[in-house]
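Colleague:
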Ligand SMILES: Cc1ncc(C[n+]2csc(CCOP(=O)(O)OP(=O)(O)O)c2C)c(N)n1
Ligand SMILES: [Mg+2]
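Residue numbers (my numbering), protein chains in the order written: chain A, 7 to 324; chain B, 775 to 1099.
See the structure below:
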């Protein structure tokens, strides 16, 4: 694999992690209101999956959508400003974490209603089919979302119409405070694909290259007109469901174990250095660049104006 | 008289659930994340009542409401929780097409003694899909009782009535009221549905307010009292049944009516009350009815915009003064 591509994957993951950890600090400092759902720990899923797309392909996203958007090319300064509820934010401060979106980079929108993005992603895939533009759609959702009727309706429709939709389940083992074993009988969500006659693939969601490979194959299948796939990425969220979650449902040891042994950034960095013979001096400047980028994003957000209440009802209609 | 205790709205709901579950074995809870509840209402209940009666569900609002309906049809008294009122929309079909109509469609064979509890309202910068006040939507659906308590005392008493009701009840709990304190007696008491509560007596204007707006109306009334304006604040407590008698009796005295709600003004609670007053009591009014409510706009994330969406004690007081000329 080309070194530039590999370093690009690392850069995306490092950008997500740095952004998310900064968001946590800013929230705790009182600069960000509302409910914040962080993607730290799940970077490899977004980075690997979006690397398999073209810029004009679409993604559907969720309440935990920062990582999805950054991986698709979302601008971190606009995103930070959105979370600060500023007029310069991606959604002019109207959306916040739950709805953070930049349509110009192909995001169809983060959605605060669990599984709501999945049915909409089908529509974008249908659109691609009707317009013969060979675009594909990649829709992210959690393990918990696969218990919604919407998920099953969308899977069936996508299969029936051979829609170019790639269903990516970020199985982080919990839906809010409920562990997987308490919300479904099966261990692998991928088996749900069987009912809809589409491929159901399990990948290690902490391995960015594994995710990239699986999604690349599904994207090819979709572009070839062979229809949808379900990819289940086994992953883990390092922080609570939202910032401030008391996390009574899991042990500190479990979290620390994942952070220590299954951190997607650490794993990929080690692989870059060992297997791909990348030098530390090639990685350092990337990290410095991103740290500066996020620092600047905070400055941009903090200096931006808050929305003017006189414009409250702008954009209710076109 | 039972001893009064200062408790929060959250605990008022909690105690009502605990007491009703102890009283009646057919009462059980189902909903998402009841063990580590988003607003803490059901925390610890599983320890007393066990997982059989405190049932954590998958994220499946249709299945939650559907299961509650089915259990209610067959001898149980389910209390379902929908984590945010916004997610009622996920279960609109079972609520509107089955829960509300089962008794009527079966010619009275069925009864559906169930409650759906759900937090509504803004104030937490939770954005357009986690802050709505959809109470009025359900006033349009015959067959659903709707409770809208504004104090811990009312929350506990009305929830007990809801649980004992043989009709299905949608029980709205305003998120910001979970953390407000109020005096509640120890032990059992109920509050009847369809009986408005006059929260403050006055002779110059009647304000009908619900949920978190009751407190704002009372604060406005306090401010206005300093200027010699006496506001009567009426809290309908339930929207179905709606106690028009108390409202009309009040405005017969005050000759003026204002409604205050958090949900969008258009097609809102105030719209229905105003229409009924126009039909039944127009002649008593000395001034046009004034409706205050949320702007006709999805709820923004930005705190400054969110604040601009809703009536405040100041805007209520200003509107009253304008009405009184
Ligand atoms: C329809 C609906 N029900 C419930 C919620 C509340 N809620 C938000 S996120 C969440 C858990 C989602 O779990 P999962 O799909 O696994 O995603 P994760 O949070 O783990 O990324 C819940 C219950 C919601 N937003 N929408
Ligand atoms: Mg999950």
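Cβ atoms here follow ideal geometry from the backbone N, Cα and C, with glycine treated the same way. Note that the structure is predicted; figures quoted are calculated from it, not measured.
Using 9 Å as the limit for Cβ to Cβ distance, is residue 1002 of chain B near chain A?
Modeller: Here the question's residue 1002 of chain B lines up with position 228 in the second chain. No, no contact with chain A.
Colleague: Select from the segment 103-126 of chain A all residues with a C-beta closer than 9 Å to any C-beta belonging to chain B, and list them in chain order.
Modeller: Residues passing the 9 Å Cβ filter: 103, 104, 105, 117, 118, 119, 120, 121 and 122.
Colleague: CB-CB under 6 Å to residue 887 of chain B, same chain, minus the five flanking residues each way: which ones, in chain order?
Modeller: By one-based count along the second chain, residue 887 of chain B stands at place 113. Cβ within range, chain order: 846, 851 and 940.
Colleague: Beta-carbon within less than 6 Å of residue 1074 of chain B's beta-carbon, same chain only, minus the 5 sequence neighbours each way: which residues are those?
Modeller: Start at 1 with the first residue of the second chain, and residue 1074 of chain B comes out as number 300. The residues are 1080.
Colleague: Could you tell me the distance, in whole angstroms, from the CA atom of residue 1094 of chain B to the CA atom of residue 984 of chain B?
Modeller: Position 320 of the second chain, counting from 1, holds the residue named residue 1094 of chain B. Position 210 of the second chain, counting from 1, holds the residue named residue 984 of chain B. Approximately 17 Å between the Cα atoms of the pair.
Colleague: Among all residues, which have a Cβ less than 6 Å from at least one non-hydrogen atom of ligand 2, and in what chain order do they fall?
Modeller: After applying the 6 Å Cβ criterion, the set is A:148, A:149, A:150, A:178, A:180 and A:181.
Colleague: Measuring only between beta-carbons, confirm whether residue 312 of chain A sits less than 9 Å from chain B.
Modeller: Sequence index remark: in the first chain, residue 312 of chain A carries index 306 (1-based). It does: the Cβ of residue 312 of chain A has a partner Cβ on chain B nearer than 9 Å.
Colleague: Grab me the residues of residue 790 of chain B's own chain with a C-beta within less than 6 Å of its C-beta, minus the 5 sequence neighbours each way, in chain order.
Modeller: Here residue 790 of chain B is taken as the residue at index 16 of the second chain, counted from 1. Around residue 790 of chain B: 930, 933 and 934.
Colleague: Can you tell me which of the three DSSP states residue 72 of chain A falls into?
Modeller: Position 66 of the first chain holds residue 72 of chain A. The answer is helix: DSSP assigns residue 72 of chain A an H, G or I state.
Colleague: Decide if the segment 60-77 of chain A is in contact with the segment 142-155 of chain A; the criterion is three or more beta carbon pairs, one per stretch, under 8 Å apart.
Modeller: The answer is yes - the segment 142-155 of chain A touches the segment 60-77 of chain A, with three or more Cβ pairs under 8 Å.
Colleague: Would you say the beta carbon of residue 783 of chain B comes nearer than 8 Å to a heavy atom of ligand 1?
Modeller: If you number the second chain from 1, residue 783 of chain B lands on position 9. Not so, every heavy atom of ligand 1 lies at least 8 Å from the Cβ.
Colleague: If you drop the 5 nearest sequence neighbours on each side, which residues of the same chain put their C-beta closer than 8 Å to that of residue 1059 of chain B?
Modeller: Against the second chain, residue 1059 of chain B aligns to sequence position 285. Once the five neighbours on either side are set aside, the close Cβ partners of residue 1059 of chain B are 1025, 1029, 1030, 1031 and 1051.
Colleague: Can you tell me whether residue 997 of chain B sits near ligand 1, meaning its C-beta is under 8 Å from at least one heavy atom of the ligand?
Modeller: Locating residue 997 of chain B in the second chain gives position 223, counting from the first residue. It does not: the Cβ of residue 997 of chain B is nowhere closer than 8 Å to a heavy atom of ligand 1.
Colleague: With DSSP as the reference, please indicate the residues paired to residue 804 of chain B in a beta bridge.
Modeller: Indexing the second chain from 1 puts residue 804 of chain B at position 30. For residue 804 of chain B, which the question treats as bridged, DSSP gives the partners B:829 and B:854.
Colleague: Closer than 6 Å by C-beta to residue 1055 of chain B: which residues in its own chain qualify, once you throw out the five before and the five after it? Chain order, please.
Modeller: Along the second chain, one-based indexing puts residue 1055 of chain B at 281. Same-chain partners within the cutoff: 1022.
Colleague: Quick one, which of A:159, A:267 and A:134 has its alpha-carbon nearest residue 212 of chain A's?
Modeller: By one-based count along the first chain, residue 212 of chain A stands at place 206. Of the listed residues, the one whose Cα sits closest to residue 212 of chain A is A:267.
Colleague: Helix, strand or coil for residue 1040 of chain B per DSSP?
Modeller: Working through the second chain from its first residue, we reach residue 1040 of chain B at position 266. Three-state DSSP puts residue 1040 of chain B in coil, outside helix and strand.
Colleague: Could you tell me which of B:905, B:840 and B:913 sits nearest to residue 1013 of chain B, measuring between CA atoms?
Modeller: Within the second chain, numbered from 1, the residue matching residue 1013 of chain B stands at position 239. Nearest of B:905, B:840 and B:913 to residue 1013 of chain B, Cα basis: B:913.
Colleague: Are any of the Cβ atoms in chain B nearer than 9 Å to that of residue 44 of chain A?
Modeller: For the purposes of this step, residue 44 of chain A is taken as the residue at position 38 of the first chain. No, its Cβ sits nowhere closer than 9 Å to a Cβ of chain B.
Colleague: Taking any Cβ of chain A, which residues in the segment 1038-1071 of chain B have a Cβ under 8 Å from it, in chain order?
Modeller: Cβ contacts with chain A come from 1069, 1070 and 1071.
Colleague: Apart from the five residues just before and just after residue 864 of chain B, which ones in its own chain have a Cβ nearer than 6 Å to its Cβ?
Modeller: By one-based count along the second chain, residue 864 of chain B stands at place 90. Once the five neighbours on either side are set aside, the close Cβ partners of residue 864 of chain B are 835.
Colleague: Give the residues of chain A in contact with residue 901 of chain B, contact being defined as C-beta atoms less than 7 Å apart.
Modeller: Against the second chain, residue 901 of chain B aligns to sequence position 127. By Cβ distance, chain A contributes 40, 101, 102, 104, 105 and 118.
Colleague: So which residues on chain A does residue 836 of chain B lean against when the C-beta distance must stay under 7 Å?
Modeller: Counting from 1 along the second chain, the entry for residue 836 of chain B is found at position 62. Result: 155.
Colleague: For residue 244 of chain A, name the three-state secondary structure that DSSP assigns.
Modeller: As a working mapping, residue 244 of chain A is identified with position 238 in the first chain. Residue 244 of chain A falls in the coil class under three-state DSSP.
Colleague: Tell me whether residue 857 of chain B counts as near ligand 1, meaning its Cβ is closer than 8 Å to at least one heavy atom of that ligand.
Modeller: Residue 857 of chain B sits at position 83 when you count from the first residue of the second chain. Correct: residue 857 of chain B has its Cβ closer than 8 Å to ligand 1.
Colleague: Does the distance between the C-beta of residue 100 of chain A and the nearest non-hydrogen atom of ligand 1 fall short of 8 Å?
Modeller: Position 94 of the first chain holds residue 100 of chain A. No, ligand 1 has no heavy atom inside 8 Å of this Cβ.
Colleague: State the DSSP-derived secondary structure class of residue 975 of chain B, mapped to helix, strand or coil.
Modeller: Reading the second chain from its first residue, position 201 is the one you call residue 975 of chain B. Residue 975 of chain B: coil per DSSP, three-state reduction.
Colleague: To the nearest angstrom, report how far apart residue 982 of chain B and residue 1036 of chain B are at their CA atoms.
Modeller: The count along the second chain starts at 1 and reaches residue 982 of chain B at position 208. The count along the second chain starts at 1 and reaches residue 1036 of chain B at position 262. Going by the C-alpha atoms only, they are around 12 Å apart.
Colleague: Going by beta carbon distance, what residues of the same chain come within less than 8 Å of residue 184 of chain A, once the five residues before and after it are set aside?
Modeller: Residue numbering aside, residue 184 of chain A sits at position 178 when the first chain is read from its first letter. Same-chain partners within the cutoff: 150 and 255.
Colleague: Using the beta-carbon of each residue, which ones in chain B are nearer than 8 Å to residue 188 of chain A?
Modeller: Here the question's residue 188 of chain A lines up with position 182 in the first chain. Those are 830, listed as they occur along chain B.
Colleague: Hey, could you find the ends of the alpha helix (DSSP H) residue 176 of chain A is sitting in?
Modeller: Here residue 176 of chain A refers to the residue found at position 170 of the first chain. Per DSSP, residue 176 of chain A belongs to no alpha helix (DSSP H); it is in the beta strand (DSSP E), 171-177.
Colleague: Can you tell me where the beta strand (DSSP E) holding residue 294 of chain A begins and where it ends?
Modeller: In the first chain, the residue the question calls residue 294 of chain A occupies position 288. Run containing residue 294 of chain A: none in the beta strand (DSSP E); it sits in the alpha helix (DSSP H), 286-309.
Colleague: Report yes or no: do three or more beta-carbon pairs, one from the segment 215-226 of chain A and one from the segment 45-54 of chain A, lie closer than 8 Å?
Modeller: The answer is yes - the segment 45-54 of chain A touches the segment 215-226 of chain A, with three or more Cβ pairs under 8 Å.
Colleague: For residue 895 of chain B, tell me which candidate among B:1085, B:958, B:1064 and B:885 has the shortest Cα-Cα distance.
Modeller: The sequence position of residue 895 of chain B within the second chain is 121, counting from 1. It is B:1085 whose Cα lies nearest to the Cα of residue 895 of chain B.
Colleague: Just grab the DSSP bridge partners of residue 146 of chain A for me.
Modeller: Taking the first residue of the first chain as position 1, residue 146 of chain A is located at position 140. Per DSSP, A:174.
Colleague: In whole angstroms, what is the alpha-carbon distance linking residue 777 of chain B and residue 959 of chain B?
Modeller: Taking the first residue of the second chain as position 1, residue 777 of chain B is located at position 3. Taking the first residue of the second chain as position 1, residue 959 of chain B is located at position 185. Taking the straight line joining both Cα atoms gives about 5 Å.
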